[in-house]
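Undergrad:
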Amino acid sequence: MRFEGKSVVVTGASSGMGRQIAYDFAKEGATVVAVARRQERLAELAAQVEADGLPGKILPFVGDVSSRETNDAMIDFAVEQTGKLDVLVNNAGIMDGFEPIGGISDERWEKVFAVNVNGPMYAMRKAVQVMLGQESRGNIVNVASIGGTNGARAGAAYTASKHALVGMTENTGYMYAHEGIRCNAICPGGVKTEIAGSMMADAGINQFGMGRSMAGLDGEIRQAEPEELAAAVLFAASDEASFMTGACVKVDGGVSVN
Numbered sequence: 001m002r003f004e005g006k007s008v009v010v011t012g013a014s015s016g017m018g019r020q021i022a023y024d025f026a027k028e029g030a031t032v033v034a035v036a037r038r039q040e041r042l043a044e045l046a047a048q049v050e051a052d053g054l055p056g057k058i059l060p061f062v063g064d065v066s067s068r069e070t071n072d073a074m075i076d077f078a079v080e081q082t083g084k085l086d087v088l089v090n091n092a093g094i095m096d097g098f099e100p101i102g103g104i105s106d107e108r109w110e111k112v113f114a115v116n117v118n119g120p121m122y123a124m125r126k127a128v129q130v131m132l133g134q135e136s137r138g139n140i141v142n143v144a145s146i147g148g149t150n151g152a153r154a155g156a157a158y159t160a161s162k163h164a165l166v167g168m169t170e171n172t173g174y175m176y177a178h179e180g181i182r183c184n185a186i187c188p189g190g191v192k193t194e195i196a197g198s199m200m201a202d203a204g205i206n207q208f209g210m211g212r213s214m215a216g217l218d219g220e221i222r223q224a225e226p227e228e229l230a231a232a233v234l235f236a237a238s239d240e241a242s243f244m245t246g247a248c249v250k251v252d253g254g255v256s257v258n
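Numbering of the sequence shown is given in UniProt numbering, commencing with residue 1 and proceeding in unit increments.
Structure follows, in structure tokens:
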């Protein structure tokens, strides 16, 4: 088991990719602080991990990841429960409505940045401070997007927010490389999740922006399963990726090559 005895924090862990990431870390022996707003979903995840007899366990932590207080508290909780922090996975994120810059509202912009940029920054800052005080150091994995490497796959707010997350990943990976702290990102394309399904059914989607963002995607490339993205996250967090830092790995089935 790659993560036996490890202490891991995963945000956005109540559903979809985040839930799978948390489950898979527990499957490999980690104690996982699973962070989300929906307490009942976190309780269900913890119960499933126990019922399945996995070697690790889930410690639910309810909070809003756009809040600095939540991010500080979840890291403190992990250290209180396990004595250390080995891995932080910033998975929580929200989509925009595909609005181009001329159609974006202040409210949408600020909400997307609060979750997709401010939250990871708060968590990374706290995690690095903790890791620098540990002999074992640790590493960070951010879930970015091909929207963070390409300007044509989402609206203005989401695109800018994920570019910011990619930039923070690269900067952090470089700045702390000599300290033994790694920071990487995975950049998914389409993923089969509840959020993706509800987004496509949203009558508030900017049809012009979505049409432009989907141009050239003919449906031949399928959406990823959450398990496929979780596998990439666990690899990036593992000792198998010991010399990988500041990397932003596209896991999109080839969409970004098109």
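We put the CB at the ideal spot given by N, CA and C, even for glycine.
These numbers come from a predicted model, not from an experiment.
1) How about the region 94 to 102 and the region 155 to 162: do they share at least three Cβ pairs that are nearer than 8 Å?
2) What do you get for Ile21, buried or exposed, if any count of 16 or more other CB atoms within 10 angstroms of its CB means buried?
3) Sorted by chain position, which residues of the same chain lie with C-beta nearer than 6 Å to Pro55's C-beta, five sequence neighbours on each side aside?
4) Less than 8 Å between the beta carbons of Ala13 and Ala34, yes or no?
5) Run the CB neighbour count on Asp52, radius 10 Å, all protein chains shown included, and call it buried at 16 or more, exposed below.
6) Alpha carbons only, please: which of Glu179, Gly119, Asp72 and Ala73 is nearest the one belonging to Ala144?
7) Considering just the uninterrupted stretch of the alpha helix (DSSP H) at Gly209, what are its terminal residues?
8) So, Ala154 versus Ser238, is the Cβ gap smaller than 8 Å?
9) Rounded to whole angstroms, how far is the Cβ of Ile58 from the Cβ of Ala26, which I believe are closer than 8 Å?
10) Can you tell me where the beta strand (DSSP E) holding Phe61 begins and where it ends?
11) For the alpha helix (DSSP H) that Ser161 lies in, which residues bound it at each end?
12) Can you name the residues that DSSP bridges to Val191?
13) I'd like to check one pair, Leu229 with Met17: are the Cβ atoms closer than 8 Å?
14) Less than 7 Å between C-beta atoms, sequence neighbours within five positions excluded: which residues of the same chain meet that for Met74?
15) Could you check which residue in Lys250, Gly211, Val255 and Glu240 has the C-alpha nearest to that of Cys187?
16) Figure out for me which residue from Arg68, Gln223, Ile140 and Asn150 has the closest Cα to the Cα of Gly173.
17) If contacts are defined as beta-carbon pairs under 8 Å, then Thr82 and Arg182 qualify, I think. What distance do you get, rounded to the angstrom?
18) By alpha-carbon positions, which one of Leu234, Gly5 and Ala47 ends up nearest to Val79?
19) Ala123 and Thr193: beta carbons closer than 8 Å?
20) Do Val115 and Val191 have their CB atoms nearer than 8 Å?
21) Which residues bound the alpha helix (DSSP H) around Ala78?
22) For a test of the three-state rule: what should DSSP assign to Val141, helix, strand or coil?
TA: According to the structure shown:
1) yes
2) On the sequence shown, position 21 is the one that residue 21 refers to. Classification for Ile21: buried.
3) For this step, residue 55 is matched to residue 55 along the sequence shown. Excluding residues within five positions, the ones whose Cβ falls inside 6 Å are Gly29.
4) Counting from one through the sequence shown, the residue named residue 13 turns up at place 13. Counting from one through the sequence shown, the residue named residue 34 turns up at place 34. Result yes, Cβ atoms of Ala13 and Ala34 sit closer than 8 Å.
5) Here residue 52 refers to the residue found at position 52 of the sequence shown. Under this definition Asp52 is an exposed residue.
6) By one-based count along the sequence shown, residue 144 stands at place 144. Looking at the Cα atoms, Gly119 is the closest of the given residues.
7) Locating residue 209 in the sequence shown gives position 209, where the first residue counts as 1. Element bounds for Gly209: Gln207 to Ser213.
8) Numbered from its first residue, the sequence shown carries residue 154 at position 154. Numbered from its first residue, the sequence shown carries residue 238 at position 238. No. Outside cutoff.
9) As a position in the sequence shown, residue 58 is number 58, starting the count at 1. As a position in the sequence shown, residue 26 is number 26, starting the count at 1. With 8 Å as the limit, Ile58 and Ala26 qualify as a contact, their Cβ atoms being about 6 Å apart.
10) Walking along the sequence shown from the start, residue 61 turns up at place 61. Phe61 -> beta strand (DSSP E) spans Lys57 to Val62.
11) The count along the sequence shown starts at 1 and reaches residue 161 at position 161. It spans Ala156 to Met175 - the alpha helix (DSSP H) in which Ser161 sits, taken as one unbroken run.
12) Translated into the one-based positions of the sequence shown, residue 191 becomes position 191. Looking at the DSSP assignment, Val191 forms a beta bridge with Ala224.
13) What you label residue 17 is simply residue 17 of the sequence shown in a count that begins at 1. What you label residue 229 is simply residue 229 of the sequence shown in a count that begins at 1. Met17 places its beta carbon less than 8 Å from that of Leu229.
14) Position 74 of the sequence shown, counted from the first residue, corresponds to residue 74. Answer for Met74: Val9, Val33, Val35, Phe61 and Gly63, listed in chain order.
15) Taking the first residue of the sequence shown as 1, we reach residue 187 at position 187. Taking only the C-alpha atoms, the option nearest Cys187 is Lys250.
16) Position 173 of the sequence shown holds residue 173. Ranking the options by Cα distance to Gly173, first place goes to Ile140.
17) Position 82 of the sequence shown, counted from the first residue, corresponds to residue 82. Position 182 of the sequence shown, counted from the first residue, corresponds to residue 182. Going by Cβ atoms, the distance from Thr82 to Arg182 rounds to 19 Å, so no, they are not a contact pair.
18) Numbered from its first residue, the sequence shown carries residue 79 at position 79. For Val79, the nearest C-alpha among the options comes from Gly5.
19) Stepping through the sequence shown from its first residue, residue 123 is reached at position 123. Stepping through the sequence shown from its first residue, residue 193 is reached at position 193. Cβ atoms of Ala123 and Thr193: not closer than 8 Å.
20) On the sequence shown, residue 115 is found 115 positions in, with the first residue counted as 1. On the sequence shown, residue 191 is found 191 positions in, with the first residue counted as 1. In this structure, Val115 lies away from Val191, with their beta-carbon atoms at least 8 Å apart.
21) By one-based count along the sequence shown, residue 78 stands at place 78. Per DSSP, Ala78 belongs to the alpha helix (DSSP H) from Arg68 to Thr82.
22) Here the question's residue 141 lines up with position 141 in the sequence shown. Reduced to three states, the DSSP call for Val141 is strand.
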